[in-house]
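Chains as they are written, first to last, in the UniProt record's numbering: chain A, 1 to 332; chain B, 1 to 332. Glycine included, C-beta positions come from ideal geometry on N, C-alpha and C.
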């Protein structure tokens, strides 16, 4: 029985889409239990719109909400009765196996580390979203949890990313590469140059060398290792270039009558093709290396993303990812 | 009279496309002189295919070629009779105002600094390509010349980028932003945090604060300041995501008969729209802050890009960009 605490109040479409996604996940997997954490009345009002097995979903009251713009450390410390702090405490106390939130990234990162805590031996817990590629999906690790990382952190990211890709995504012997500005070993900044030989010497990963950013969307590696600043730039630029280009394609198609007719004809095929480049189907970004599982879904997540993020937690738990991380990196 | 030395031997399509682009530029602007530098026989064979004013184009013999994979420092030092070294010496000796090459980036960066030399007062010469956005074009500075930059370098990048955007691209009072992982001033890694107040205090730029990578393709700023590693990642990911998405759009359109017919109808409008997102129309990337002008065009440049890069040099010279950089940053 896997138990997941969902932050009903975090995200642009909370609580409506958070509740809807949780109901979908419960209906999809009769073997899971979900705790919707947030303002009881609001959550119950949303829940009443759906049909579901009452034994699978409970509502846990939390009167406060952490807003996106609040300074994270302060918010986690002061808002003891916020949906986020209450849910994270459930993970800490073993009342839940995992926590899913579309709320403030900063608060999730701080709360995950401070309340749930790191596995002993893990130096820094990386935020590791899956990003779509031509060939499927890669994990981008780290993507915002720790700026100014050290080489030893990056090696651990590579190890945790490999475990995740192998056992959650199902890619055997995942190819690990470090983001670099050239393919040769002598290229790079000080961090990359120091990290490269450590990755090369690391026995439990399949290190294939450097990857240039150009090759990431082509699926050049399964585990894309970088420090958080670069990872954040990659993740956000992926979104930005994608949105801009697709917006221009749509605009171009609507520019005259001839192409409007053409657009009607190409639309279904195009939609099918581009679906594979849509990150939402892959769920949220796990914060790896914590004693429990914490998953951050995109702030604008709707029911599909929330549903997928919950199912992702189930796979994570079933595949005993934390046990594997502990075996590989732990010092207890 | 503006004189431009063109590396006839560098790039994937050299010498053919380099020569063709040079001829186009000469025919476009009767007031310029071009020196095609490279293996005389090969260059003359290409030149014989075109009609042009013989007074405008001369061939300067250089028997060696620097290959892309050669270690740059070594190549520049040893291959004294390479097209690149010969052409850079022409700039140094005042026989040419500018140098355009589609050859090895590393060799251009090293050669530019070592042979042409920096303007006194410029700490590091940044490589600054123009990147397309929804609204037009922005300059991305630095993009590969210097890794592990210091805050003072980034401030100079902002100043030089502003001068370029204002006088070469024609954007009045260009908006300068620093690439960051959040919009707030307190966000960022150590370099960004140190640089932010310096940019804020810099009187001769229009600093608007941080820019997240997501906003770059939307045209959120005119001068995008970052250190070279991040700039390189942005530039290459731009290419990679763009190529992957457009490839997928094309593939999607060819997937069944219905959409193939539609594709024929949308094609002209789509082509028109996407042309504005095509970097090649903007010419190459200048290496700013040198005593002469050095422009790196993409390795796969064809005649259009070469032509545009040469015209860009003309604008650079006419607008007296180096004089403006010297007045703003110079210490002589």
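Let me check one thing: in DSSP terms, what residues is residue i bridge-paired to?
i	result
residue 296 of chain A	A:101, A:285
residue 38 of chain B	B:61
residue 132 of chain A	A:137
residue 82 of chain B	B:64
residue 5 of chain B	B:35, B:99
residue 225 of chain A	A:141, A:178
residue 207 of chain B	B:176
residue 290 of chain A	A:118
Out of the options, which one is the CA nearest neighbour of residue i?
i	options	result
residue 330 of chain A	A:172, A:123, A:312	A:123
residue 1 of chain A	A:328, A:322, A:315	A:315
residue 286 of chain A	A:247, A:57, A:128	A:128
residue 104 of chain A	A:323, A:82, A:121	A:82
residue 138 of chain B	B:294, B:278, B:327, B:5	B:278
residue 113 of chain A	A:125, A:85, A:164	A:125
residue 77 of chain B	B:211, B:93, B:108, B:37	B:108
residue 223 of chain A	A:188, A:261, A:175	A:175
residue 132 of chain B	B:262, B:250, B:242, B:247	B:242
residue 111 of chain B	B:134, B:180, B:86	B:86
residue 193 of chain A	B:262, B:292, B:148, B:265	B:148
residue 84 of chain B	B:71, B:94, B:95, B:100	B:100
residue 217 of chain A	B:239, B:65, B:312, B:3	B:239
residue 215 of chain A	A:14, A:134, A:57	A:134
residue 60 of chain B	B:151, B:208, B:204, B:9	B:9
residue 197 of chain A	A:268, A:152, A:275	A:152
residue 3 of chain B	B:55, B:154, B:276, B:50	B:55
residue 57 of chain B	B:26, B:45, B:40	B:26
May I ask you to report which of helix, strand or coil DSSP gives residue i?
i	result
residue 138 of chain B	strand
residue 213 of chain A	helix
residue 27 of chain A	helix
residue 93 of chain B	coil
residue 196 of chain B	helix
residue 48 of chain A	coil
residue 119 of chain B	coil
residue 311 of chain A	helix
residue 56 of chain A	coil
residue 189 of chain A	coil
residue 218 of chain A	coil
residue 69 of chain B	coil
residue 247 of chain A	helix
residue 162 of chain A	helix
residue 16 of chain B	helix
residue 171 of chain B	coil
residue 236 of chain B	helix
residue 107 of chain B	helix
Any idea if residue i is buried or exposed, counting beta-carbon neighbours within 10 angstroms, 16 or more meaning buried?
i	result
residue 89 of chain A	buried
residue 12 of chain A	exposed
residue 200 of chain A	exposed
residue 190 of chain B	exposed
residue 272 of chain B	exposed
residue 254 of chain A	exposed
residue 228 of chain A	buried
residue 120 of chain B	exposed
residue 251 of chain B	exposed
residue 284 of chain A	buried
residue 317 of chain B	buried
residue 69 of chain A	exposed
residue 36 of chain B	buried
residue 73 of chain A	exposed
residue 327 of chain A	exposed
residue 106 of chain A	buried
Could you check where the beta strand (DSSP E) with residue i kicks off and where it finishes?
i	result
residue 147 of chain A	It is not in any beta strand (DSSP E) - residue 147 of chain A carries neither H nor E in the DSSP assignment.
residue 177 of chain A	175–179
How far does the alpha helix (DSSP H) with residue i in it reach, from first residue to last?
i	result
residue 326 of chain A	321–329
residue 124 of chain B	Looking at the DSSP string, residue 124 of chain B is not in any alpha helix (DSSP H), and its letter there is neither H nor E.
residue 263 of chain A	257–275
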